[in-house]
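Inspection log for the structure reproduced underneath, given as structure tokens.
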Amino acid sequence: MKFLCVPCDTAMKLQTVGPPERGSLSVVYSCPECGYEMAMLTNAYETQIVQSLGVRIGPGEAASASAPGTTSKCPFPGMIPSTEEARPVQGGEPAPVRWTAAAEARLANIPEFVRPMARTGIERFARERGAVEVDETILDAAREFFGM
Amino acid sequence: MKGYHDIAGDGGSGILAQVAGQRARIADGLAGVRHLVAIGSGKGGVGKSTLTLHLGGALRARGLRVAILDADFNGPSQARMAGVQEVPFVPPPSTKGSGMAGGSRKVPLPRTGNGIGVFSMGSLIPESQALDFESTAPGESHTWRATREFALLGEILASFEWGTLDLLLFDLPPGAERTVQYAEFLGPQTSFLLVTIPSEVSRGVVARSVAALSKGSNRLLGYVENMSGYYCRDCNAIKPLFDSPEPAGLEIPCLGSVPFDPELARHCDRGIPFAELPESPVRQAIDQAAQRLIHVLTATERSE
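Which chain is which? The protein sequence lines are D and U, in order. The opening residue of the first sequence carries number 1 in our numbering; numbering runs sequentially from there. The opening residue of the second sequence carries number 1001 in our numbering; numbering runs sequentially from there.
The structure is reproduced here in structure tokens:
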């Protein structure tokens, strides 16, 4: 979608994108010639269609995938149980397993939509071996054990 | 006044460039794969997933490097059948100075006992839960869900470590229209193998899939007739399951007929690999279908 300033016959430039509010994005464009500003306000369906394509609206999104956008960094945030939901913490459940900073860093290097279940599975692997902490040794042992 | 095509770019987001970037990441991820083969039907319940897994096993037993992508996100079965339900996705070691941004490392695939890499949503989501997406338009999923599932497929293709493979098998969901959508999404480098059973209903649906796919640019390798009778171990004979003695009559080559085997079904439920199947006419039929599949793929390669 492109916007044209009709009096100037000039393509308008995207300026800012407001965070989604009740499913609506506020996207502000301005004319580089006359400075006229306009806002595109999407309805929930339009917002959803953009999110479903796995793209983001915002300045410089094409150049940097990690640039702050209007959607979550994870394109499928509701797809799987959240990390917190996946962690057993109540009485009768297995004790929480700590993660070292280095192990967390390795986990952060894989795509976000895989992380919650990766975390749960690795913690289960650690508990089965009597470990209370996931470190890089545990991660390497899991890779070797599962033939990865 | 300027028109759409008179203006370069979209003023900021670069949506088309983002889509091109997604495509490039997918192509990069699949660069080491020799053959992409989608196994579909159009009809549900014909044994696509079982056949995919066992064809994969037969191909692997012939020394080929094989992976399976369970593209049936809403009814994933490969994780259970391949025995990788409980296998976690383990992050690879960090590579200092690799310049990788967060979330950009490829994820190694879980593997079956015989070395087939398997991606299935069944490894990510427990069977007690359904695949769900966050949405700004809840209750209106008919307007966006298919688009989002294809974006998910793209993310999976780009995110996992497919490595060097002879074959990547896609286990497609049912639905003739979905089969065509997968053909268009995966592009002409993906060939199709269709699965039917000896019922007129199934053959009719698969014939529609053949007609629909024939309009596109994907190569139709042929079909396998699954459940072509059942194998009785007591009498060591194939007995009829359907009253359809005539050939399927689909206008594509038949790569094999595979009888139903209750023992094989039990193996699937327990995640036991093909290599451990007892010798039987069913195992031989699967192996023959795999051999013919290799043959048509090789012939395709030569003709290109």
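C-beta atoms are modelled at their ideal positions from N, C-alpha and C, and glycine is treated no differently. Fair warning: this is a prediction, and the values are worked out from it, not measured in the lab.
Near chain U, meaning a CB-to-CB distance below 7 Å, the residues of the stretch 13-44 of chain D are 13, 14, 20, 23, 29, 44. Taking all protein chains in view, the Cβ of residue 1204 of chain U is surrounded by fewer than 16 other Cβ atoms within 10 Å, so the residue is classified as exposed.
Out of U:1301, U:1195, U:1122, the CA that lies nearest to the CA of residue 1174 of chain U is found in U:1195. Chain D places no beta carbon closer than 8 Å to that of residue 1185 of chain U, leaving this residue out of the contacts.
Secondary structure note for residue 1268 of chain U: it is in no beta strand (DSSP E), and the uninterrupted alpha helix (DSSP H) holding it is 1262-1270. Rounded to whole angstroms, the Cβ separation of residue 1286 of chain U and residue 1035 of chain U is 18 Å, and the two are not in contact under 8 Å. Of U:1154, U:1077, U:1092, U:1172, the smallest CA-CA separation from residue 1126 of chain U is found for U:1077. Residue state for residue 2 of chain D is assigned as coil, using DSSP reduced to three classes. In the DSSP assignment, residue 1157 of chain U falls within the alpha helix (DSSP H) that extends over 1145-1159. Nearest CB-CB separation between residue 1159 of chain U and chain D: below the 8 Å threshold. For residue 24 of chain D, the secondary structure class from DSSP, reduced to helix, strand or coil, is strand. Against chain U, the CB of residue 98 of chain D has no partner CB under 8 Å away; the residue lies outside that interface. Secondary-structure assignment with DSSP links residue 1225 of chain U through a beta bridge to U:1196, U:1257. For the pair residue 47 of chain D and residue 25 of chain D, the CB atoms are nearer than the 8 Å cut-off.
Bounds of the beta strand (DSSP E) holding residue 1033 of chain U are 1033-1040.
The Cβ of residue 1001 of chain U sits closer than 8 Å to at least one Cβ of chain D. Cβ contact annotation for residue 1109 of chain U (same chain, cutoff 8 Å, sequence separation greater than five): 1067, 1117, 1118, 1119, 1160, 1161, 1162, in chain order. By the neighbour-count criterion, in which 16 or more other beta carbons inside 10 Å mark a residue as buried, residue 1223 of chain U falls on the buried side. Here residue 1080 of chain U is near residue 1271 of chain U, since their CB atoms are less than 8 Å apart. Identification of chain D residues near residue 1028 of chain U by a Cβ-Cβ cut-off of 7 Å yields none; the smallest Cβ-Cβ distance measures about 14 Å. Between the stretch 118-131 of chain D and the stretch 1002-1009 of chain U, the count of Cβ pairs shorter than 8 Å is below three; the stretches do not touch. In this chain, the beta strand (DSSP E) harbouring residue 1239 of chain U covers 1237-1239. By the rule that beta-carbons nearer than 8 Å mark a contact, residue 129 of chain D does not touch chain U. A Cβ of chain D is located within less than 8 Å of the beta carbon of residue 1018 of chain U. For residue 59 of chain D, a Cβ of chain U is located within less than 8 Å of the residue's own Cβ. Excluding residues up to 5 positions away in sequence, 1135, 1137 lie with their Cβ nearer than 8 Å to the Cβ of residue 1144 of chain U in the same chain. Residues of the stretch 2-13 of chain D with a Cβ closer than 7 Å to any Cβ of chain U, in chain order: 2, 3, 4, 6, 9, 11, 12, 13.
Contact between the stretch 1047-1064 of chain U and the stretch 1269-1283 of chain U is established, with three or more Cβ pairs separated by less than 8 Å. Residue-level contact check: residue 101 of chain D does not touch chain U, since none of the beta carbons of chain U fall below 8 Å from its beta carbon. For the stretch 1080-1097 of chain U, the set of positions with a beta-carbon nearer than 8 Å to some beta-carbon of chain D reads 1086, 1087, 1088, 1089, 1090, 1091, 1092, 1093, 1094 in chain order. Under a 10 Å Cβ-count criterion, residue 1268 of chain U is classified as buried, with 16 or more other Cβ atoms of the shown protein chains found around its own Cβ.
Taking every protein chain shown into account, the CB of residue 52 of chain D has 16 or more other CB atoms within 10 angstroms, so this residue is buried. Rounded to whole angstroms, the Cβ separation of residue 1039 of chain U and residue 1172 of chain U is 6 Å, and the two are in contact under 8 Å. The C-beta of residue 38 of chain D has fewer than 16 other C-beta atoms within 10 Å across all chains shown, which makes the residue exposed. Across the structure, residue 142 of chain D and residue 122 of chain D are spaced so that their CA atoms are roughly 7 Å apart. Judged by DSSP in its simplified three-state form, residue 45 of chain D adopts helix.
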